[in-house]
Every structure is written in C-alpha cells, then in structure tokens.
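Participant:
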Ligand SMILES: Nc1ncnc2c1ncn2[C@@H]1O[C@H](COP(=O)(O)OP(=O)(O)O)[C@@H](O)[C@H]1O
Ligand SMILES: [Mg+2]
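Numbering (the numbering used here), first residue to last: 1 to 289.
(1) My output table needs one value for residue 16: the three-state DSSP class, helix, strand or coil.
(2) Please determine whether the Cβ atom of residue 70 lies at a distance below 7 Å from any heavy atom of ligand 2.
(3) May I ask you to report which of helix, strand or coil DSSP gives residue 167?
(4) Relative to the alpha-carbon of residue 99, which residue among 106, 119, 158 and 178 has its alpha-carbon at the smallest distance?
(5) Going straight from the alpha carbon of residue 228 to that of residue 244, what length do you get?
(6) Tell me, please, which residues DSSP counts as bridged to residue 77.
(7) Rounded C-beta distance between residue 57 and residue 201? I'm assuming under 8 Å.
(8) Look at the Cβ atom of residue 249, then the Cβ atom of residue 22, and state whether they are nearer than 8 Å.
(9) Spatial neighbours of residue 215 within its chain, please: CB distance less than 8 Å, with the 5 preceding and 5 following residues excluded, ordered by chain position.
(10) By Cβ distance below 8 Å, which residues in the same chain neighbour residue 262 in space, the five residues on each side in sequence not counted?
(11) Put residue 72 into one of helix, strand or coil per three-state DSSP.
(12) Give the straight-line distance between the Cα atoms of residue 70 and residue 268, rounded to the nearest whole angstrom.
(13) Taking just the CA atoms, how far does residue 163 sit from residue 42?
(14) Can you tell me which residues form a DSSP beta bridge with residue 191?
(15) Can we count residue 34 as close to ligand 1, meaning its CB is less than 7 Å from some heavy atom?
(16) Would you say residue 149 and residue 208 are within 8 Å of each other, going by their C-beta atoms?
(17) Check whether the Cβ of residue 17 lies closer than 7 Å to any heavy atom of ligand 1, and answer yes or no.
See below:
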C-alpha cells in the first residue's frame, strides 16, 4: 500500500506532475494568470512569463489551459517542447494542430503555409469571433527562426486586435533571446517574472495540497517548525517544496511518527547533503521568515 493511502489520502499529495487540481494560487501565480487572461480577452497579442526552474511555469500553463477549456470562444494549442528545425516544419506543425485547412498538395512551401494560417486566423478571429491562442512552454528553447516566425504571425491583425494570441513561458534565457530580436520585445503587452513563494505561501501550498489530496483530519501533518525548515531549504521554490514534502511524508511513515517535525526535515537534509543530493548553500542560508 502506498504511503499516502496509509495516511488517509485519496491521492498523492506531492506528486510533481503539473496537475491543475493541485494548483495553489500564490500571489505571483495569480498576477501572472489573471493578467495573461486579461490580455487574451483583450486580444493584445503577446504575454511573456519568465521564471527559474521549478517556479511553477508548467503548472501555470496547465492552469491556463484549464481556464481556456471552459471558454467556448477560445481555440488554443499548447506546445510543450518547442524545437523546430525550420520554418516550414514549424508552420506545418501549427497548421496541423490548429486544424488549418490547407490546399491539397504533397509539399506546401512556407508562403503557402503562412497564407493558409493567416486565412484561418482571419476566419476564426473576425468572421467567427473566436480567440486563437498559442501557449508555448519551455519557450527558452525556441530558436531564432521560430521566434521570427512567431513575430510574423503576431503581425496579423485588424485595426482593433491581433489575430493570434501568444503566451510564452520560459526560463530567464528567454529574456535575452527576445531582447536580441528587434520588434519582438516591443510587442510584449504583458511581461512578468515568477518569484518563489514566501514563508506564508509555502505553508499554505503544503496545507492546500494535503487537503486537495483528501486529508480530512484537523491536525497539521507538518508542524510549523518543520515548515520553517522546508521553506529555508527550498527557498520557496514550489518544485523543491513538493519534492521535499513527498520524501518527508514517506520518512514520517517509516519512522512511525504522526507528524513531520523539524527533526525529520533536518535529518533528511543532512543526509542528502552528505550524499551529495542537496546543495550545501541552502544549509547556510538563514533567510528571514
Ligand atoms: N502554484 C502551484 N501550486 C502547487 N504546486 C505547484 C505550483 N507551482 C508549482 N508547483 C509544483 O512544483 C512542481 C514544479 O513546477 P513546474 O510548473 O514544473 O515548474 P517549472 O515549469 O517552472 O520548472 C510542479 O510539478 C508542482 O508539483
Ligand atoms: Mg516547466
């Protein structure tokens, strides 16, 4: 029997999959999500969300997808790993995934693909009043050609709005990539950098995920003293928090304890540092909480 069932959970509370059901709306995530949705509704074109590894970009993108699914006027697609070798492959990929009607021909050139996509965007956006949205996760992997291709697609517009809405989520390198392309940076209508959580939010995220996983007891599984240690070692990065909490709950069961106290956290972090699994610096950091 898995440890989480022993503890009375219905689901795994600290899985690392970007499940929207386990999405805790931190201040940072709320700002990013709300603004991205506003920009989409206003059809302003381009939103860029940056963040370090593990700040919750992929989770946020899934939440955005969930929100868009509920809105009938949206047609969207999410690219999880954007690595396209040339423009024609990229455009063909977009055409296929948006179900763009294409002229019957075995090999379409870039111009034909572009024209078909433009026609499609006009048909959907203007004639049918829909909002066509492309979300790109791991957008720092977009090469120059793909960015240029997206820039051209962003040029399609009416007097009032852009025909394609684009949300890019990526690691900080994306920033310098975009800065290097003239006329791309100016087109960003919303930009935001996701920061890690603060102590209070770290505590809330842990509590939220435990409840979402079906834990009914009124008692706290993680004592405040343990959450302080978790915050210090994770520095508020959601991925670090969830991975640490997952291991801590397992350890708690192994040790036949009923709560995670600071000693379990300290012991685990010490062991992991000794084995080379955890960066030493996090032990030295004494941030305020
Ligand atoms: N807002 C959030 N609420 C709950 N869990 C989160 C949140 N953001 C991130 N996580 C957790 O952290 C893990 C890493 O997040 P992820 O979205 O993959 O980060 P990134 O894409 O920025 O590297 C996720 O699998 C999820 O378990
Ligand atoms: Mg990610």
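Built from N, CA and C at the ideal position, the CB exists for glycine as well.
Facilitator: Short version:
(1) In the structure shown, residue 16 falls within a coil segment according to DSSP collapsed to helix, strand and coil.
(2) The answer is no for residue 70.
(3) DSSP places residue 167 in the strand class (E or B) of the three-state scheme.
(4) Of the listed residues, the one whose Cα sits closest to residue 99 is 119.
(5) Those two C-alpha atoms are separated by around 13 Å.
(6) Answer by DSSP bridge pairing, in chain order: 134.
(7) Residue 57 to residue 201, Cβ: 17 Å. No contact.
(8) It is not a contact, given that the beta carbons lie outside the stated cut-off.
(9) Excluding positions up to five away in sequence, the list reads 7, 8, 9, 13 and 221.
(10) Within the same chain, Cβ atoms closer than 8 Å to the Cβ of residue 262 are found at 223, 225, 226, 228 and 229, the five residues on either side in sequence being excluded.
(11) It is coil, neither helix nor strand.
(12) In this structure, the alpha-carbon of residue 70 lies about 42 Å from that of residue 268.
(13) Approximately 11 Å between the Cα atoms of the pair.
(14) In the DSSP assignment, the residues bridged to residue 191 are 48.
(15) No; taking the cut-off as 7 Å, the Cβ of residue 34 has no heavy atom of ligand 1 nearer than that.
(16) Against a cut-off of 8 Å, the Cβ pair of residue 208 and residue 149 comes out as no contact.
(17) Residue 17 Cβ: within cutoff of ligand 1.
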